[in-house]
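Q:
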Amino acid sequence: MLRTSHPVDDCIVDEIEFQTLTERQERVLAMVVRHYIETGRPVGSKTLVGDFGLDYSSATVRNDFVALGEMGYLAQLHTSAGRIPTERGYRYFVQKLLGEFHLPLHERQMIRHQFHQARLELDQWMRLSAAILARTSGSASFVTAPQARANRFKHMQLIATQGRLVLMVIVLFGGEVKQQMLTLAEPLPQVRLSAAAERLNALFPEMDSDEIAARASGSFLDTLESEIARLVVDALHRADHRPISDIYRDGLVNILDDEGTRHAVRLLEERTLLASVLSETKAQRGDGVQVVIGGDGRWEELRDCTMILSRYGVTESFSGTLAVVGPTRMPYDRNVAAVRYVADLMSGFVYEYFVQDLNPVARHDARGNILDQIEVDESDNYQR
Numbered sequence: 126m127l128r129t130s131h132p133v134d135d136c137i138v139d140e141i142e143f144q145t146l147t148e149r150q151e152r153v154l155a156m157v158v159r160h161y162i163e164t165g166r167p168v169g170s171k172t173l174v175g176d177f178g179l180d181y182s183s184a185t186v187r188n189d190f191v192a193l194g195e196m197g198y199l200a201q202l203h204t205s206a207g208r209i210p211t212e213r214g215y216r217y218f219v220q221k222l223l224g225e226f227h228l229p230l231h232e233r234q235m236i237r238h239q240f241h242q243a244r245l246e247l248d249q250w251m252r253l254s255a256a257i258l259a260r261t262s263g264s265a266s267f268v269t270a271p272q273a274r275a276n277r278f279k280h281m282q283l284i285a286t287q288g289r290l291v292l293m294v295i296v297l298f299g300g301e302v303k304q305q306m307l308t309l310a311e312p313l314p315q316v317r318l319s320a321a322a323e324r325l326n327a328l329f330p331e332m333d334s335d336e337i338a339a340r341a342s343g344s345f346l347d348t349l350e351s352e353i354a355r356l357v358v359d360a361l362h363r364a365d366h367r368p369i370s371d372i373y374r375d376g377l378v379n380i381l382d383d384e385g386t387r388h389a390v391r392l393l394e395e396r397t398l399l400a401s402v403l404s405e406t407k408a409q410r411g412d413g414v415q416v417v418i419g420g421d422g423r424w425e426e427l428r429d430c431t432m433i434l435s436r437y438g439v440t441e442s443f444s445g446t447l448a449v450v451g452p453t454r455m456p457y458d459r460n461v462a463a464v465r466y467v468a469d470l471m472s473g474f475v476y477e478y479f480v481q482d483l484n485p486v487a488r489h490d491a492r493g494n495i496l497d498q499i500e501v502d503e504s505d506n507y508q509r
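Heads up: the sequence shown begins at 126 in the working numbering, then just goes up one per residue.
1) Taking Cβ to Cβ, would you say residue 158 is nearer than 8 Å to residue 207?
2) Only counting the same chain, and skipping five residues up and downstream in sequence, which positions put a Cβ closer than 6 Å to that of residue 253?
3) Which class does residue 422 belong to by DSSP, given the choice of helix, strand or coil?
4) Three or more beta-carbon pairs under 8 Å between the segment 387-404 and the segment 190-198, yes or no?
5) Please list the terminal residues of the continuous alpha helix (DSSP H) segment that includes residue 266.
6) Report the three-state DSSP secondary structure of residue 280 (helix, strand or coil).
7) Mapping DSSP to helix, strand and coil, what is residue 355?
8) Which residues in the same chain as residue 333 place their Cβ atom closer than 7 Å to its Cβ, once the five residues preceding and following it in sequence are excluded?
9) For residue 332, which beta-bridge partners are listed by DSSP?
10) How would you call residue 177, buried or exposed, if buried means at least 16 neighbouring beta carbons within 10 angstroms?
11) Determine, using beta carbons only, whether residue 390 and residue 464 come nearer to each other than 8 Å.
12) Grab the span of the alpha helix (DSSP H) containing residue 242 for me, first residue to last.
13) Just the C-alpha distance for residue 156 and residue 257, rounded to the nearest angstrom, thanks.
14) Distance check for residue 445 and residue 427, CA to CA, integer angstroms please.
15) For residue 472 and residue 162, what's the separation of their Cα atoms in angstroms?
16) Excluding five sequence neighbours on each side, which residues of the same chain lie with their C-beta closer than 6 Å to the C-beta of residue 429?
17) Can you give me the start and stop residues for the alpha helix (DSSP H) that residue 465 sits inside?
18) Provide the residue span of the alpha helix (DSSP H) that contains residue 190, from first to last.
19) Spatial neighbours of residue 311 within its chain, please: C-beta separation below 6 Å, excluding the five flanking residues on both sides.
20) Check for me: the alpha helix (DSSP H) holding residue 373 runs from which residue to which?
21) Below 8 Å on the Cβ atoms is my contact criterion, and I expect residue 325 with residue 281 to pass it. Report the Cβ-Cβ distance as a whole number of Å.
22) Using a Cβ distance threshold of 8 Å, determine whether the segment 209-229 contacts the segment 454-463, with at least three qualifying pairs required.
23) Which two residues bound the contiguous alpha helix (DSSP H) that contains residue 478?
24) Work out the CA separation of residue 344 and residue 286 for me, nearest whole Å.
25) Tell me whether the beta-carbon of residue 265 lies closer than 8 Å to the beta-carbon of residue 380.
26) Check residue 447 in the structure and name its three-state DSSP category.
27) To the nearest angstrom, how far is the alpha carbon of residue 165 from that of residue 214?
28) Which same chain residues, not among the five before or five after residue 306, have their C-beta less than 7 Å away from its C-beta?
29) Taking the beta carbon of residue 272 as the centre, do at least 16 other beta carbons fall within 10 Å, making it buried, or is it exposed?
30) Kindly identify the DSSP beta-bridge partner or partners of residue 273.
31) Using the C-alpha atoms, what's the distance from residue 171 back to residue 182?
32) Quick check: residue 462 and residue 435, are their CB atoms within less than 8 Å of each other?
33) Use the C-beta contact count for residue 378: other C-beta atoms within 10 angstroms, 16 or more gives buried, fewer gives exposed.
34) What did DSSP end up calling residue 198 once you bin it into helix, strand or coil?
35) Can you tell me whether residue 432 is buried or exposed, with buried defined as 16 or more other CB within 10 angstroms of its CB?
36) Give the straight-line distance between the Cα atoms of residue 366 and residue 359, rounded to the nearest whole angstrom.
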């Protein structure tokens with residue numbers, strides 16, 4: 126249920142064909158990427174040999190620079206300058222050279238403590254997760270509220286109001302309530318409406334729209350029950366296909382000096398671009414952390430930045446997405462680790478809050494269980 130440790134290969138970049146590098150070329154590329162991320166300055170061969178103690182000659186490193194440039198992994202801004210990584214170079218680094226990294230234990234403990242102090246309420250956890258991601262990554266952050274993959278029916282009521290008007294109230298698992306006014310062919314007493322609702326509640330326990338439609342077609346329903354069943358299916362179908370709802374963001378101050386990233390964040394806030402990225406990335410299916418570098422050739426709006434995102438929650442029921450967005454020159458190891466860790470915490474929260482139908486007292490106890498379980502897993506898996 127809880128995702129508490131990850132193989133390195135769950136960090137996914139867009140699947141492109143990489144040319145094979147030698148072990149030495151990989152080492153040179155990794156050092157250039159890390160140095161450029163840290164300093165923002167082009168890297169020369171003398172820097173790698175002198176400052177980092179690389180056990181190759183400057184001439185050998187220059188030859189590797191040329192080869193890496195011809196393969197598209199490094200670029201040279203002008204003849205006398207050192208090298209900087211290209212988008213392709215960043216992708217190779219993330220996919221093949223990043224290595225395993227976890228946030229320091231004291232940071233994980235602090236983050237876990239903050240979640241432990243928060244009330245087990247959706248809005249508070251969304252805001253807290255966005256704030257923690259922004260602070261930890263030094264980038265902008267986005268968190269979408271969890272939505273059901275396939276909404277499930279919990280129970281319903283039919284309430285007579287006036288004449289032929291009836292209020293239909295549908296409650297979904299997760300607590301969402303749908304209301305709709307109906308106009309019947311003729312007035313019906315409350316006892317008749319309540320009987321119809323009770324029968325449908327008994328027929329459709331915990332079913333999604335497809336299951337309800339199939340059950341209704343094979344059941345002996347009267348005219349009223351058939352029409353109400355159809356409306357329930359329609360309501361669930363609409364809930365399943367609604368666009369991204371609430372988006373929580375933080376850390377915009379972290380990217381004020383980067384125009385390209387600011388522009389991308391503004392577009393992401395409009396939801397259309399964010400929905401496109403989520404629908405076309407593997408993170409949408411819960412396959413691990415997704416790293417979108419320079420728009421991956423598909424989103425021109427993201428050409429100047431990197432987006433690291435992950436699904437959280439329970440893939441087959443309720444899930445949302447969290448992401449950090451910043452310049453392409455970002456600390457990938459730290460930011461990937463931050464996204465993973467917060468996604469773990471949020472997955473446990475979603476399981477207890479939405480999937481288990483708990484009362485408020487049990488939910489308060491469950492919060493401790495979530496975080497205590499992750500603390501146990503950290504002692505086994507995270508300490509270096």
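From the three backbone atoms N, C-alpha and C, an ideal C-beta is built for every residue, glycine too. The structure displayed is predicted, hence computed values, not measured ones.
A: Quick answer:
1) Their beta carbons are not under 8 Å apart, which means residue 158 does not touch residue 207 by this criterion.
2) 243
3) helix
4) No, they do not touch.
5) Following the DSSP letters along the chain, one finds residue 266 in no alpha helix (DSSP H) but inside the beta strand (DSSP E) bounded by residues 265-269.
6) Of the three classes helix, strand and coil, the one that applies to residue 280 here is strand, per DSSP.
7) helix
8) 275, 276, 277 and 361
9) In the DSSP output, where bridge partners are listed per residue, residue 332 has none listed.
10) The residue is exposed, with fewer than 16 neighbouring Cβ atoms inside 10 Å.
11) no
12) 230-242
13) 29 Å
14) 21 Å
15) Computed Cα separation, rounded: 31 Å.
16) 385
17) 457-475
18) 183-195
19) No residues qualify anywhere along the chain.
20) Residue 373 -> not in any alpha helix (DSSP H); beta strand (DSSP E) instead, spanning 372-375.
21) The C-beta distance from residue 325 to residue 281 rounds to 6 Å, short enough to meet the 8 Å contact threshold.
22) yes
23) Note, residue 478: premise wrong, no alpha helix (DSSP H); not H, not E.
24) 28 Å
25) yes
26) Residue state, collapsed to three classes: strand.
27) Computed Cα separation, rounded: 15 Å.
28) 290 and 292
29) Buried, because 16 or more other Cβ atoms sit within 10 Å of the Cβ of residue 272.
30) 443
31) 9 Å
32) no
33) Residue 378 comes out exposed.
34) coil
35) buried
36) 11 Å
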